[in-house]
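Novice:
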Amino acid sequence: MNSRFFIFFFLLSFLTGCERDFDCIDALPEGCFVEVIDRKEFGLTDIMRLTRQDFPELDFDKLEEIRDLFDFDLRVEVTAIAYNTVDPSGNPVTASGIIVRPLDMESRGVIHVPPTTPLSNLEGGSDLLIITEGVFAFIGYTVIIPDLIGSGTTKEVPQPFLFMDNTGRVCYDMHLAAMEYCRKFTDHPLPAETIIFGYSGGATGAISLLRHIGWQSDPPVKVKEVFAGGGVYDLCSTYNHFKKSGYAEYPLAPLLITSFDYWYKLNLDYTRIFRGDLLYNMENWLDRTRNAEQMRMLINPDLHNYMHPDFFSSQSNAEYAKIESILPLHSFLQGWSPRVKIMLGHAKDDLSVPVTESEALYNYLKNKTNVSLSYGSGGHYDYGIEFFVSAILYLSVN
65 MNSRFFIFFF LLSFLTGCER DFDCIDALPE GCFVEVIDRK EFGLTDIMRL
115 TRQDFPELDF DKLEEIRDLF DFDLRVEVTA IAYNTVDPSG NPVTASGIIV
165 RPLDMESRGV IHVPPTTPLS NLEGGSDLLI ITEGVFAFIG YTVIIPDLIG
215 SGTTKEVPQP FLFMDNTGRV CYDMHLAAME YCRKFTDHPL PAETIIFGYS
265 GGATGAISLL RHIGWQSDPP VKVKEVFAGG GVYDLCSTYN HFKKSGYAEY
315 PLAPLLITSF DYWYKLNLDY TRIFRGDLLY NMENWLDRTR NAEQMRMLIN
365 PDLHNYMHPD FFSSQSNAEY AKIESILPLH SFLQGWSPRV KIMLGHAKDD
415 LSVPVTESEA LYNYLKNKTN VSLSYGSGGH YDYGIEFFVS AILYLSVN
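Add 64 to a position in the sequence shown, counting from 1, and you land on the number used in my numbering.
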């Protein structure tokens with residue numbers, strides 16, 4: 065791992081190691097938690113096996129550097145719960161998520177980890193129970209992971225990718241539900257203080273949650289610090305980047321567009337959005353049952369292979385104009401001022417999310433709060449492991 069990351073996080077831990085802890089809060093909002101869906105125990109080898117299966121392209125040699133930080137005999141309990149929240153249209157829904165808790169030891173604290181961007185609606189934490197984001201439980205933390213809308217109990221609807229407002233609300237309600245469940249039904253009530261971590265789509269979720277908490281009056285959740293790596297923070301700029309580059313390594317664009325069509329009722333004419341094999345196989349290819357690796361086998365990263373030529377034009381057609389009209393609603397670059405330490409990271413050679421996304425968020429926040437930005441390399445995937453490793457090192461030292 066790049067030594068600059070270790071130094072960076074070590075210095076931060078030294079400078080912030082004296083921050084006070086928050087006690088548990090007795091008075092919590094009632095009615096978020098609905099029921100327990102499932103419960104099961106896992107070991108570290110289970111999560112490693114699943115991660116290798118889902119992300120075969122990752123360089124797992126990086127994990128050897130932190131092997132000694134994990135207790136390979138430690139078991140964790142994963143509890144899948146259902147809870148009340150709302151969808152992007154404001155309609156009440158029963159969503160789901162998981163709470164991952166280390167067994168036979170006192171928890172070191174709480175980390176809320178919104179999931180990365182699963183393309184399949186079959187990859188929710190409440191379906192799989194043990195997922196990569198739960199790795200922090202193996203260094204002693206209680207981990208809260210929402211499925212988000214479009215996975216778990218809400219898998220029948222398209223996932224609202226990068227819907228910042230709704231993602232923040234759904235994550236927040238999951239956090240309240242986890243606090244309610246633990247207080248009522250376990251001997252381990254959760255403290256008010258939490259750390260938020262996210263990578264890729266999870267980074268967008270992390271900042272969404274932070275912003276939503278900041279909008280609440282005297283919230284029962286207190287954020288200590290935030291780690292956000294490789295995320296999208298202003299969808300207009302990402303959209304324009306891909307129009308110019310014509311290349312997107314992560315095959316999200318088609319599902320993102322169909323999601324916008326569903327939630328905003330755009331009534332798109334797809335003959336003027338897509339082309340080639342994707343257009344003719346839309347119903348099958350975009351049925352939301354394929355994971356990222358399976359989607360990459362169908363969709364070439366060269367956008368010219370499946371996006372209508374008008375996408376690359378300076379004057380978009382009427383169908384693209386519908387999409388472009390709602391992009392400004394998906395941005396963090398205005399209207400909020402957090403007061404918490406935020407650690408951003410991004411690979412300079414990221415071909416899935418442009419590094420300018422993290423740079424733009426950093427520039428927006430730098431005069432508002434304690435924010436830092438570190439760069440890495442290895443592309444979106446290998447840098448993702450590096451970002452996880454850096455956070456684990458930081459949290460272990462701290």
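Don't be surprised by glycine CBs; every beta carbon is placed ideally from N, CA and C.
Note that this is a predicted model, so its numbers are computed, not measured.
#1: At which residues does the alpha helix (DSSP H) containing MET228 begin and terminate?
#2: Give the list of continuous alpha helix (DSSP H) stretches no shorter than 4 residues that lie fully inside the segment 416 to 446.
#3: So is THR109 buried or exposed if we call it buried at 16+ other beta carbons inside 10 Å?
#4: Tell whether a beta-carbon distance below 7 Å holds between HIS444 and GLY294.
#5: State the DSSP-derived secondary structure class of MET169, mapped to helix, strand or coil.
#6: In this structure, does DSSP put GLY266 in helix, strand or coil?
#7: Within 10 Å of its beta-carbon, does VAL453 have 16 or more other beta-carbons around it, so buried, or fewer, so exposed?
#8: So, with DSSP's three-state summary, where would you put ASP366?
#9: Can you tell me whether ALA385 is buried or exposed, with buried defined as 16 or more other CB within 10 angstroms of its CB?
#10: Which first and last residues belong to the alpha helix (DSSP H) in which THR302 is found?
#11: Buried or exposed for TYR329, please, with buried defined as at least 16 other CB atoms from any protein chain shown within 10 angstroms of its CB.
#12: When the Cα atoms are used, what is the spatial distance from GLY310 to PRO402?
#13: Drop a sphere of 10 angstroms on the beta-carbon of ILE390, count the other beta-carbons inside from all chains shown, and report buried for 16 or more, exposed for fewer.
#14: Cα-Cα, which of GLU94, THR143, CYS96, VAL98 is closest to GLU105?
#15: Check this for me: beta carbons of GLY204 and ILE195, under 7 Å apart or not?
#16: Between THR180 and TYR314, is the Cβ-Cβ spacing less than 7 Å?
#17: I'd like to check one pair, ILE175 with ILE209: are the Cβ atoms closer than 7 Å?
#18: Where does ASN355 sit, in a helix, a strand or coil, going by DSSP?
#19: Taking DSSP's pairing of strands, which residues face THR218 in a bridge?
#20: CB ILE277 to CB ALA270, shorter than 7 Å?
#21: Label VAL100 either buried or exposed according to how many other C-beta atoms from any shown protein chain fall within 10 Å of its C-beta, with 16 as the threshold for buried.
#22: Between which two residues does the beta strand (DSSP E) harbouring ASN148 extend?
#23: Candidates ALA411, ASP333, SER436, ASP237: which alpha carbon is nearest ASN148's?
#24: Please classify SER380: does DSSP put it in a helix, a strand, or coil?
#25: Which residues in the same chain as VAL435 place their Cβ atom closer than 7 Å to its Cβ, once the five residues preceding and following it in sequence are excluded?
#26: Name the two residues that bound the continuous alpha helix (DSSP H) containing ASP282.
#27: Measure the alpha-carbon distance for ASP333 versus ILE321 and round it to whole angstroms.
#28: Taking the beta strand (DSSP E) that MET407 falls in, what are its first and last residues?
#29: I'd like to know whether the C-beta atoms of VAL417 and VAL296 end up nearer to each other than 7 Å.
#30: Return no unless some Cβ of chain C is closer than 7 Å to the Cβ of LEU429.
#31: With distances taken Cα to Cα, identify the nearest neighbour of ILE111 among GLU141, PHE324, PRO93.
#32: Specify, as a first and last residue, the run of the beta strand (DSSP E) that ILE209 falls within.
#33: So is GLN379 buried or exposed if we call it buried at 16+ other beta carbons inside 10 Å?
#34: Less than 7 Å separating the beta-carbons of THR218 and VAL157?
#35: Measure the beta-carbon distance from LEU183 to LEU362 and round it to whole angstroms, keeping in mind my assumption that it falls under 8 Å.
#36: Can you tell me which of the three DSSP states HIS276 falls into?
Specialist: If we stick to the structure as given:
#1: 228 to 249
#2: 420 to 429
#3: exposed
#4: yes
#5: coil
#6: helix
#7: buried
#8: strand
#9: exposed
#10: 299 to 309
#11: In the sequence under discussion, the amino acid at residue 329 is Lys, which differs from the Tyr named in the question. Exposed: under 16 other Cβ atoms inside 10 Å.
#12: 34 Å
#13: exposed
#14: THR143
#15: no
#16: no
#17: no
#18: coil
#19: In DSSP, THR218 forms no bridge with anything.
#20: no
#21: exposed
#22: 139 to 150
#23: ASP237
#24: coil
#25: ILE406, LEU408, TYR426, LEU429
#26: Premise fails: ASP282 is in no alpha helix (DSSP H) and is neither H nor E.
#27: 11 Å
#28: 405 to 411
#29: yes
#30: Here chain C cannot be found, since the structure has a single protein chain.
#31: GLU141
#32: 206 to 210
#33: exposed
#34: yes
#35: Not a contact, Cβ separation roughly 11 Å.
#36: helix
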